[in-house]
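Structure first, then comments.
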Amino acid sequence: MEWSGAVSLGAMTQRITRDEVVHVARLARLSLSDAEIDEFTSQLGDILEHAADIEALDVGDVEPTLHPLPMVNVLRPDELCPALDRDLLLSQAPAAEDGQFRVPPILGEEP
Amino acid sequence: MTAHEPSLPEEWELVVGLEVHVELATKTKLFCGCENKFSHIPNTLTCPTCVGLPGSLPVMNEKAVEFAMRLGRALGCEIHPSVMARKNYFYPDMAKDFQTTQYDQPTNADGQLALADGTIVGIERAHIEEDAGKTTHVGGGGRINDATYSLVDYNRAGVPLVEIVSQPDIRTVGHAKAYVSELRDILLAIQVSDAKMEEGSMRVDANVSVRPTGSDELRTRCELKNINSVRSLGRAIEYEARRHVDLYTNGEAPRQETRHWDEEGGRSTAGRSKEDADDYRYFQEPDLVPLSPTAAQIAEIDASMPVLPAARRARLGELSSVADEVIVTVVERGQDGLALGAIEAGADADKVLTRIQNDLAVDDWSAVTSESLAMLIQMETGGELTATQVKQVLGEMAAGEHGGDPKVIAAAHGFEAMESNELETLVDQLIVDHPDEWSRFVDGDDGDRKKMQGFFTGQIMKATKGQADGRAVAQLLGQKSAG
Numbered sequence: 021m022e023w024s025g026a027v028s029l030g031a032m033t034q035r036i037t038r039d040e041v042v043h044v045a046r047l048a049r050l051s052l053s054d055a056e057i058d059e060f061t062s063q064l065g066d067i068l069e070h071a072a073d074i075e076a077l078d079v080g081d082v083e084p085t086l087h088p089l090p091m092v093n094v095l096r097p098d099e100l101c102p103a104l105d106r107d108l109l110l111s112q113a114p115a116a117e118d119g120q121f122r123v124p125p126i127l128g129e130e131p
Numbered sequence: 003m004t005a006h007e008p009s010l011p012e013e014w015e016l017v018v019g020l021e022v023h024v025e026l027a028t029k030t031k032l033f034c035g036c037e038n039k040f041s042h043i044p045n046t047l048t049c050p051t052c053v054g055l056p057g058s059l060p061v062m063n064e065k066a067v068e069f070a071m072r073l074g075r076a077l078g079c080e081i082h083p084s085v086m087a088r089k090n091y092f093y094p095d096m097a098k099d100f101q102t103t104q105y106d107q108p109t110n111a112d113g114q115l116a117l118a119d120g121t122i123v124g125i126e127r128a129h130i131e132e133d134a135g136k137t138t139h140v141g142g143g144g145r146i147n148d149a150t151y152s153l154v155d156y157n158r159a160g161v162p163l164v165e166i167v168s169q170p171d172i173r174t175v176g177h178a179k180a181y182v183s184e185l186r187d188i189l190l191a192i193q194v195s196d197a198k199m200e201e202g203s204m205r206v207d208a209n210v211s212v213r214p215t216g217s218d219e220l221r222t223r224c225e226l227k228n229i230n231s232v233r234s235l236g237r238a239i240e241y242e243a244r245r246h247v248d249l250y251t252n253g254e255a256p257r258q259e260t261r262h263w264d265e266e267g268g269r270s271t272a273g274r275s276k277e278d279a280d281d282y283r284y285f286q287e288p289d290l291v292p293l294s295p296t297a298a299q300i301a302e303i304d305a306s307m308p309v310l311p312a313a314r315r316a317r318l319g320e321l322s323s324v325a326d327e328v329i330v331t332v333v334e335r336g337q338d339g340l341a342l343g344a345i346e347a348g349a350d351a352d353k354v355l356t357r358i359q360n361d362l363a364v365d366d367w368s369a370v371t372s373e374s375l376a377m378l379i380q381m382e383t384g385g386e387l388t389a390t391q392v393k394q395v396l397g398e399m400a401a402g403e404h405g406g407d408p409k410v411i412a413a414a415h416g417f418e419a420m421e422s423n424e425l426e427t428l429v430d431q432l433i434v435d436h437p438d439e440w441s442r443f444v445d446g447d448d449g450d451r452k453k454m455q456g457f458f459t460g461q462i463m464k465a466t467k468g469q470a471d472g473r474a475v476a477q478l479l480g481q482k483s484a485g
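Residue numbers (my numbering), protein chains in the order written: chain A, 21 to 131; chain B, 3 to 485.
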């Protein structure tokens, strides 16, 4: 398969726009330079192009896959385990106060 | 609907869907063995998994899955193979920066809930997810927007929840309240949650919109949060619906957003505009494998299902002719087993239910048995006790006095029915002593007759220290005046 920049750049204009990449980056709170935006637009375009190739296959006879792992119902009994020592837990945090994690002011609202 | 049911202008119809979060009463959290309980001491019920430490892995609690499926079946849902998903967001109430939930493949879907009056509300889904931790905002009056910093307690992070999402089928405030109380009754009956709104183990969000009456469109909805009681739910929906009507009437329109219900101020305030679902960047949880319950497991759940409140009400309805509200109350309080037992033991069904509703509205009635209640009701129907005495005896039975034996309690108070000839002698004497009153009773108009009946009954009660049976007195007076 050909993976030259020219081909993927052609693909990306159809699969994902620069604006969409900027939007997704904002959702993930990623700060991207202009060069990075171009780079990821191109890479994501390639990935979507590949997905489109797979989408084009006839999979009518194939059982849908719920999950990559071939297992279901991995469960544990409802039994207590000892809790972490709180001082040890809080000692891992940048800041703690009154037995709680202390975090900077939250911008935005509860989900 | 009650007389207090507030109504929108006739040309507008209310459209409500409810999202109810229910904490499951498992011993441990959803994905780890930390204790699932309320603790006032922050961060003492945590482990590497529920604080999202690197290298930790979640494993699903089998009891939580069973409880979720039991709830699904109680709501008539189909159980599907399901996968867990990550709902990503930036808020420190989850140390992992995502909540593990179900997205496009929930365990339970397509059910329904029948309200006490027979109205059916569709259930879109009832999915499994984990609860988040608790944040406290410090400085700036404790509000999130002007806080200096925030504190986080992860005791609640990872507690198993089921979120029950209704269809937008609810058309009145009364039905919204009835939905929540019916759901609570079901949760208690199947013993998967203690379902206490005031303690947060059952939390209700309401999606509210309005539309022109007769139309079937769905207009812009607002999601109301911070509703802490059934009463508050009614007020919040009512307020929000009126706000929408006012906006449309002024040529404006509501915008789709989450709104915060302020119970004290009696109003809702704007929160964030509703994010699109894909803004949460849902994706499948790679650390958990799918749930795929077998037909045998589902059959086992169905077989172990207790009789649900709706069927329990229907049973009492067949046996009695009391008003629906009486039966609803008795079932809601879980006193229907007591009532059924007493009825089976031979007591009059209507009397049993009415007595329970009126005189057994107490937290602890465990000292009252079906047998003792049946005996009491039979003493009442047999004329051994007056209505007032029955009420008093039942109160003392509930308090466990004298071993809860109605005969012993009645005897201890000297409650003994007057022999009817004793009563008759007394009435005859009163007629002789009060000839004017008696003639007003016999010959007077309805008002006079009523007044004098009150007078004679009062005299008799005074003479017998309240031990005479009011109905027997009325009957005797009737007979005497006719004879």
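We treat Cβ as the ideally placed atom computed from N, Cα and C, and that holds for glycine.
Quick caveat, the model's predicted, so the values are computed rather than measured.
Is the shortest distance between the beta-carbon of A:GLN63 and the beta-carbons of chain B less than 8 Å?
It does not; no Cβ of chain B falls within 8 Å.
With a threshold of 8 Å, are at least 3 pairs of Cβ atoms found where one atom belongs to the stretch 70-77 of chain B and the other to the stretch 128-135 of chain B?
Contact holds: three or more Cβ-Cβ distances are below 8 Å.
For chain A, is any of its Cβ atoms less than 8 Å away from the one on B:THR28?
Yes, B:THR28 counts as interfacial toward chain A.
Using the Cα positions of A:GLU69 and A:ARG35, report the straight-line distance between them to the nearest angstrom.
Approximately 7 Å, taken between the alpha carbons.
Once DSSP output is grouped into helix, strand and coil, what is the label at A:HIS87?
In the structure shown, A:HIS87 sits in coil (DSSP, three-state: anything other than H, G, I, E or B).
Does the Cβ of B:GLU266 have 16 or more other Cβ atoms within 10 Å, making it buried, or fewer, making it exposed?
By the 10 Å Cβ count, B:GLU266 comes out exposed.
Residues from the stretch 143-164 of chain B in contact with chain A, defined by Cβ distance under 9 Å
Within the stretch 143-164 of chain B, the residues whose Cβ lies closer than 9 Å to any Cβ of chain A are, in chain order, ILE146, ASN147, ASP148, ALA149, THR150, TYR151, SER152, LEU153, VAL154, ASP155, TYR156.
Does the stretch 72-81 of chain B come close enough to the stretch 281-289 of chain B to have 3 or more Cβ pairs within less than 8 Å?
As far as the Cβ criterion goes, the stretch 72-81 of chain B does not touch the stretch 281-289 of chain B, which means the pair count is below three.
If we cut at 8 Å on Cβ distances, does B:PRO94 have a partner in chain D?
Checking the listed chains, one finds no chain D in this structure; the protein chains it contains are A and B.
Return the first residue and the last residue of the alpha helix (DSSP H) that B:GLN299 is part of.
B:GLN299: member of the alpha helix (DSSP H) spanning 297-305, first to last residue.
What does the alpha-carbon distance come out to for the pair B:PRO170 and B:GLU64?
Taking C-alpha positions only, B:PRO170 is separated from B:GLU64 by approximately 32 Å.
Could you list the residues in the stretch 57-86 of chain A with a C-beta less than 8 Å from some C-beta on chain B, going in chain order?
So the close ones are LEU86.
Three or more C-beta pairs closer than 8 Å, one from the stretch 360-378 of chain B and one from the stretch 396-414 of chain B: is that the case here?
Verdict: yes, contact present.
Neighbourhood of B:LYS179 by C-beta, 7 Å cutoff - its chain only, sequence neighbours within 5 removed
Around B:LYS179, the same chain offers VAL232, LEU235, GLY236 as residues with beta carbons nearer than 7 Å, after the five sequence neighbours per side are excluded.
In or out: A:ASP66 buried (at least 16 other Cβ within 10 Å) or exposed?
Per the 10 Å Cβ criterion, buried.
Can you name, in chain order, every residue of its own chain whose Cβ lies under 6 Å from the Cβ of B:GLY54, other than the five neighbours on each side?
Here B:GLY54 has ALA97, LYS98 as same chain residues with Cβ atoms under 6 Å from its own Cβ, once five neighbours each way along the sequence are excluded.
For B:TYR151: DSSP bridge partner residues:
B:TYR151 pairs with B:VAL140.
A:GLU83 burial status per 10 Å Cβ neighbour count (16 or more: buried)
The residue is exposed, with fewer than 16 neighbouring Cβ atoms inside 10 Å.
So which of B:ASN147, B:TYR105, B:PHE100, B:LEU153 has the shortest CA-CA distance to A:ALA116?
The shortest Cα separation from A:ALA116 among B:ASN147, B:TYR105, B:PHE100, B:LEU153 belongs to B:LEU153.
Just tell me which of B:GLU403, B:ALA351, B:VAL247, B:ASN360 has its CA closest to the CA of B:GLN380.
That would be B:ALA351, whose Cα lies nearest to the Cα of B:GLN380.
Members of the stretch 58-89 of chain B that neighbour chain A once the beta carbon cut-off is set at 7 Å:
Cβ proximity to chain A below 7 Å picks out VAL61, MET62, ASN63, GLU64, LYS65, VAL67, PRO83, VAL85 from the stretch 58-89 of chain B.
Tell me which residues of the stretch 84-109 of chain A have at least one Cβ-Cβ distance to chain B shorter than 7 Å, keeping chain order.
Going along the stretch 84-109 of chain A in chain order, one finds LEU86, HIS87, LEU89, MET91, VAL92, ASN93, VAL94, LEU95, ARG96, PRO97, ASP98, GLU99, LEU100, CYS101, ALA103, LEU104, ARG106, LEU109 with a Cβ nearer than 7 Å to chain B.
Which chain A residues sit within Cβ distance under 7 Å of B:ASP281?
By Cβ distance, chain A contributes LEU47.
Can you tell me the Cα-Cα spacing of A:ILE9 and B:ILE358, whole angstroms?
The structure shown does not extend to residue 9 of chain A, since chain A is modelled only from 21 to 131, so the question has no answer here.
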